[in-house]
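Step one of this worksheet: look at the structure below.
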Amino acid sequence: MTPATPPPGFHEKLRVKYFLDILSAWVCLFLFWPFLLFFAILIKLDGLLHPENAGPVFYKEARMSAGKIFMMYKFRTITVKEIKES
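Numbering (our numbering), first residue to last: 58 to 143.
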């Protein structure tokens with residue numbers, strides 16, 4: 058059995074999709090950075106008002122995709138104590 062060959066124009070479509078993915082990510086980052094900054098400030102203020110919740114703004118977690126491990130950064134929405142317990 059021979060391996061399937063991609064249809065004509067397949068690789069060009071992938072390049073266009075990759076470009077559109079990157080472009081849309083940058084556009085979303087440009088549009089939403091004020092909200093991201095606002096939430097980061099709120100998380101820091103919560104740490105100042107409640108010292109038991111003080112900690113970093115972002116939470117780093119290892120994820121796996123297509124057999125590769127990468128680090129995913131998220132806003133910290135739980136207490137630092139809960140992070141240490143997990």
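By construction, the Cβ of each residue, glycine as well, lies at the ideal position given by its N, Cα and C atoms.
As the structure is a computational prediction, the values presented were derived from the model and not from experiment.
> Mapping DSSP to helix, strand and coil, what is I126?
Replying inline: The answer is strand: DSSP assigns I126 an E or B state.
> If you drop the 5 nearest sequence neighbours on each side, which residues of the same chain put their C-beta closer than 8 Å to that of W83?
Replying inline: Excluding the 5 residues flanking it on each side, W83 has no same chain C-beta neighbour closer than 8 Å.
> With respect to the alpha helix (DSSP H) encompassing R72, which residues constitute its N-terminal and C-terminal limits?
Replying inline: 67 to 106
> Relative to the C-alpha of E109, which residue among K74, H68, K101 is closest?
Replying inline: Comparing alpha carbon positions, the residue from K74, H68, K101 closest to E109 is K101.
> Contact check, F115 vs F87 under 8 Å by CB: the rounded distance?
Replying inline: F115 to F87, Cβ: 20 Å. No contact.
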